[in-house]
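Visitor: Quick one: this structure, given as structure tokens, is what I'll be asking you about.
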Ligand code: PMP
Ligand code: GLN
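Residue numbers (full-length UniProt numbering): 13 to 401.
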């Protein structure tokens, strides 16, 4: 294994899901729904397979039906217009979109600023691109916050992190693992900074439809941002098909073309039949998106209340699949050790947030639980934690 990758080892998700299988514990570690997405969308995939649509290499940028549906989605939801032929690229999940964007846009030695804690593929993709990651830490407002603690971006810290070598900001809102949704004001300040310092921004918005408090505002919609922003999303979370690995990029023709230059040598094209099904999914009525959100909101509330009862310091989740907890009220301080023991101790698997940090000390006491699971599973998990801890 080369030096660029050696520090990364096996992803925490594979490790924790294997632990769940080995111990028979309830897996609230890896973020994937335990109920598949809409039947009609599955049927659309089957139809595409049977009708022979996409069974041979689809077009490099993605099938036209899906590119049009993505452009339509951005226009209808956010008033952002993208030309489906030149400004949309279909990728193998958001993961490939992120990797291809960084490989295409970062020169060796460039600095890439990312909000810490960050999703694990960010660090590896920055490293593969030869970039240097510069973490800006989201900090907990702490147990004295009257509305309950939340992780916040310090805009001064972000501003101070920009140097002459900064090439791009890698942003994520709604944010995994903290559940923070950046506010319109925070995004406006980030946009101003990007314009002032002439930075590119890659923004990971895969949880765009999973916002329970506040609103999702795409960074590309702020003044001066459309031309410097690569927006990434994916069908995995929005339609509960994380195994399909259909993602996409929207950006200017120049940026899309750059990302495509990298993508063509990573996967060449993305799997065909699922693209037709996701095109249909994006056209589902508003009620679908509303129900998804309300279903997950109830699950968030169930899990957050159960974790609080069990003694965790529960952070506010405004969006995503995840609740981040502080284990210090339980008399613990090492999230790694806590998560390693939790399956035996309580029959539940969680993820130590420290894996998403460069500053290990900052992440040590935090542990993430996923609530994208059936209500009965969450109820059982909460009961086990309440009894065992
Ligand atoms: N970004 C974030 C923040 C994620 O949480 C995930 C995975 N859940 C991804 C990207 C990867 O998405 P995909 O499965 O579409 O590759
Ligand atoms: N994004 C999901 C999570 O954060 C898992 C994705 C993965 O397994 N790579 O749990």
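All C-beta atoms in this analysis are idealised placements derived from N, C-alpha and C, irrespective of residue type, glycine included.
The structure displayed is predicted, hence computed values, not measured ones.
#1: How would you call residue 316, buried or exposed, if buried means at least 16 neighbouring beta carbons within 10 angstroms?
#2: Figure out for me which residue from 357, 156, 171, 345 has the closest Cα to the Cα of residue 36.
#3: For residue 246, is the beta carbon positioned less than 8 Å from some heavy atom of ligand 1?
#4: May I ask you to report which of helix, strand or coil DSSP gives residue 132?
#5: Once the 5 residues before and after residue 389 are set aside, which same chain residues still bring their CB inside 7 Å of it?
#6: Within the present structure, is the beta-carbon of residue 254 separated from the nearest heavy atom of ligand 1 by less than 8 Å?
#7: For residue 278, is the classification buried or exposed, using 16 other Cβ atoms within 10 angstroms of its Cβ as the cut-off for buried?
#8: May I ask you to report which of helix, strand or coil DSSP gives residue 389?
#9: Going by the CB atoms, is the gap between residue 248 and residue 106 shorter than 9 Å?
#10: How many angstroms separate the CA atom of residue 19 from the CA atom of residue 143?
#11: Since residue 109 contacts residue 244 with CB under 8 Å, what's their CB separation in whole angstroms?
#12: Just to check, is the beta-carbon of residue 333 closer than 8 Å to a non-hydrogen atom of ligand 2?
#13: Would you give the residue range spanned by the alpha helix (DSSP H) that residue 375 belongs to?
#14: Am I right that residue 179 and residue 118 are in contact with their C-beta atoms under 8 Å? What's the rounded C-beta distance?
#15: For residue 355, report the span of its alpha helix (DSSP H) as first-last.
#16: Rounded to the nearest angstrom, what separates residue 133 and residue 111 at their Cα positions?
#17: Is there contact here, the segment 292-309 with the segment 365-377, by at least three beta-carbon pairs under 8 Å?
#18: Taking 6 Å as the limit between beta carbons, can you name the residues of its chain near residue 294, skipping five residues before and five after?
#19: What does the alpha-carbon distance come out to for the pair residue 191 and residue 257?
#20: Tell me residue 50's beta-bridge partners as DSSP assigns them.
#21: Tell me whether residue 150 is buried or exposed, calling it buried when 16 or more other Cβ atoms sit within 10 Å of its Cβ.
#22: Within the continuous alpha helix (DSSP H) that includes residue 307, where are the two ends?
#23: When you compare only the Cα positions, how much space is there between residue 233 and residue 157?
#24: Identify which residue in 53, 395, 13 has its Cα closest to the Cα of residue 291.
#25: For the beta strand (DSSP E) containing residue 147, list its first residue and its last residue.
#26: Taking the C-alpha atoms as reference points, what is the distance between residue 313 and residue 237?
#27: So residue 287 and residue 70 are in contact, right, with Cβ under 8 Å, and what is the actual spacing, rounded?
#28: For the alpha helix (DSSP H) containing residue 199, list its first residue and its last residue.
#29: Run through DSSP, which three-state label would residue 240 get?
#30: Residues in its own chain within less than 6 Å of residue 285 by CB, not counting five upstream and five downstream?
#31: Quick one: which unbroken alpha helix (DSSP H) runs of 4-plus residues sit fully inside the segment 27-95? Chain order, please.
#32: For residue 365, name the three-state secondary structure that DSSP assigns.
#33: Find the nearest neighbour of residue 400 within the set 366, 387, 384, 354, judged by alpha-carbon distance.
#34: Where do the N-terminal and C-terminal ends of the beta strand (DSSP E) with residue 168 fall, by residue?
#35: By how many angstroms is the C-alpha of residue 325 removed from the C-alpha of residue 283?
#36: Is residue 180 helix, strand or coil by DSSP?
Guide: Taking the geometry as given:
#1: Residue 316 is buried by the Cβ-count criterion.
#2: Of 357, 156, 171, 345, the residue nearest in Cα terms is 357.
#3: Relative to the non-hydrogen atoms of ligand 1, the Cβ of residue 246 comes within a distance shorter than 8 Å of at least one.
#4: Three-state result, residue 132: helix.
#5: Only 38, 46 meet the Cβ criterion.
#6: Yes.
#7: Flag for residue 278 reads exposed.
#8: If DSSP states are grouped into helix, strand and coil, residue 389 belongs with the helices.
#9: Yes, Cβ-Cβ distance for residue 106 and residue 248 is below 9 Å.
#10: Take the alpha-carbon of residue 19 and the one of residue 143: they are about 15 Å apart.
#11: Rounded, the Cβ-Cβ distance is 4 Å, consistent with contact.
#12: Under cutoff, so the answer is yes.
#13: Segment 372-375, the alpha helix (DSSP H) holding residue 375.
#14: Separation of the CB atoms of residue 179 and residue 118 is rounded to 6 Å, and the pair is thereby assigned contact status at 8 Å.
#15: Counting along the chain, the alpha helix (DSSP H) containing residue 355 begins and ends at 347-358.
#16: Distance between the alpha carbons of residue 133 and residue 111 is about 8 Å.
#17: With a cut-off of 8 Å, the segment 365-377 and the segment 292-309 do not count as touching, because too few Cβ pairs lie within range.
#18: The answer, listed in chain order, is 81, 85.
#19: When the Cα atoms are used, residue 191 and residue 257 turn out to be separated by approximately 22 Å.
#20: Answer is none; residue 50 lacks a bridge partner.
#21: Classification for residue 150: buried.
#22: Here the alpha helix (DSSP H) through residue 307 covers 298-321.
#23: Just so you know, the alpha carbons of residue 233 and residue 157 end up roughly 31 Å apart.
#24: Cα-wise, what sits closest to residue 291 is 53.
#25: Run containing residue 147: 144-149, per the beta strand (DSSP E) assignment.
#26: Their backbone Cα atoms lie some 35 Å apart in a straight line.
#27: The beta-carbon distance between residue 287 and residue 70, rounded to whole angstroms, is 6 Å. This is short enough to meet the 8 Å contact definition.
#28: Element bounds for residue 199: 196-208.
#29: Note: residue 240 maps to helix in three-state DSSP.
#30: Excluding five sequence positions before and after residue 285, the CB atoms of its chain that fall closer than 6 Å to its own CB belong to 57, 60, 61, 66, given in chain order.
#31: Whole alpha helix (DSSP H) segments, 4+ residues: 51-62, 76-90.
#32: Helix.
#33: Checking every option, the nearest Cα to that of residue 400 belongs to 354.
#34: That residue, residue 168, is in no beta strand (DSSP E); its alpha helix (DSSP H) goes 167-173.
#35: In a straight line, the C-alpha of residue 283 is about 42 Å away from that of residue 325.
#36: DSSP places residue 180 in the strand class (E or B) of the three-state scheme.
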